[in-house]
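So the protein sequences, as listed, match chains A and B.
Position 10 of the first sequence, counted from 1, bears residue number 10 in the numbering used here, the numbering being contiguous throughout.
Add 1000 to a position in the second sequence, counting from 1, and you land on the number used in the numbering used here.
Ideal Cβ positions, reconstructed from N, Cα and C, are used throughout, including at glycine.
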Amino acid sequence: QQQVKQSPQSLIVQKGGISIINCAYENTAFDYFPWYQQFPGKGPALLIAIRPDVSEKKEGRFTISFNKSAKQFSLHIMDSQPGDSATYFCAASMGDDKIIFGKGTRLHILP
Amino acid sequence: DAGITQSPRHKVTETGTPVTLRCHQTENHRYMYWYRQDPGHGLRLIHYSYGVKDTDKGEVSDGYSVSRSKTEDFLLTLESATSSQTSVYFCAISKGGSQPQHFGDGTRLSIL
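Right, here's the structure in full:
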């Protein structure tokens, strides 16, 4: 299975709250899991990425949690800010030069 | 920002006409990709290139062709555009392997 399933489709969070986006995959050959952030009118931009040999990676307010046995990974945005309002895509790759993207989550942070 | 330029940024055309979109990079990356983005479908790979004159199909390649005669340019052609090809098209570049892809700002294509 080449799919990456992402949820929720849309998310509304109060300023200062925690935003959580979840993804699941089937193919255990995936070895690279990036998250992309996209603002309206712009292309997706790499936000943070993880490999399956670690369970967590943190960069500033953004954290990826990775559960290899459950084949799930998630993005946590701490202290969410209105500027974080964007569409977020999880993705997976197996080193074959192609990336499989989830369908995206539209995040809106209320001021 | 990675040096990726997509042209045109916006285009409106009629069904049955040929359309060519251009992606130009200044990063000398080996890999280049064309995606389409549609509501509810996320990003879907159309074609990609792993070197000059080396291309391969992606998930949604029907109705599209590509060419790469120089490292820096990757062209996407719709030989006879259909309304179902109305979409936002993104070009991406990468060094290859499990390396990040860097995206251009897209071309919004409307086919009437």
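Check whether the Cβ of residue i lies closer than 7 Å to any Cβ atom in chain B.
i, result
"residue 46/A", "yes"
"residue 42/A", "yes"
"residue 55/A", "no"
"residue 25/A", "no"
"residue 88/A", "no"
Could you give the distance in angstroms between the alpha-carbon of residue i and the alpha-carbon of residue j?
i, j, result
"residue 67/A", "residue 95/A", "20 Å"
"residue 1093/B", "residue 1018/B", "25 Å"
"residue 35/A", "residue 84/A", "14 Å"
"residue 98/A", "residue 24/A", "18 Å"
"residue 1016/B", "residue 1083/B", "9 Å"
"residue 1077/B", "residue 1095/B", "24 Å"
"residue 71/A", "residue 1103/B", "27 Å"
"residue 7/A", "residue 22/A", "5 Å"
"residue 48/A", "residue 1059/B", "25 Å"
"residue 1044/B", "residue 93/A", "14 Å"
Enumerate in chain order the residues of its own chain whose CB-to-CB distance from residue i is below 7 Å, with the five nearest sequence positions on each side excluded.
i, result
"residue 2/A", "27 and 100"
"residue 1029/B", "1093, 1094 and 1095"
Can you pull the chain B residues whose beta carbon is under 7 Å from the beta carbon of residue i, in chain order?
i, result
"residue 99/A", "1101"
"residue 5/A", "Under the 7 Å cutoff, chain B gives no residues; its nearest Cβ is about 11 Å from residue 5/A."
"residue 103/A", "1040, 1041 and 1042"
"residue 34/A", "1100"
"residue 31/A", "1098"
Residues in the same chain with beta-carbon distance under 6 Å from residue i, minus the five sequence neighbours each way, listed in chain order, please.
i, result
"residue 1049/B", "1032, 1055, 1068 and 1074"
"residue 1010/B", "1108"
"residue 63/A", "76"
Name, please, each residue of chain B whose Cβ falls closer than 9 Å to the Cβ of residue i.
i, result
"residue 49/A", "1098 and 1100"
Could you name the residues of chain A that residue i contacts, counting a contact when the two beta carbons are closer than 8 Å?
i, result
"residue 1104/B", "43"
So which residues on chain B does residue i lean against when the C-beta distance must stay under 8 Å?
i, result
"residue 95/A", "1097 and 1098"
Would residue i count as contacting chain A if we go by Cβ distances under 7 Å?
i, result
"residue 1074/B", "no"
"residue 1031/B", "yes"
For residue i, which residues in chain A fall below 9 Å Cβ to Cβ?
i, result
"residue 1050/B", "97"
Residue i versus chain E: which residues are under 9 Å apart at the beta carbon?
i, result
"residue 1045/B", "Among the chains of the structure shown, chain E does not appear; the protein chains present are A and B."
Where are the beta strand (DSSP E) runs, 3 residues long or more, that stay fully inside the stretch 52-109 of chain A, in chain order?
56-59, 62-67, 72-77, 86-93 and 99-101
Quick one: which unbroken beta strand (DSSP E) runs of 3-plus residues sit fully inside the stretch 1037-1071 of chain B? Chain order, please.
1042-1051, 1054-1057 and 1064-1070
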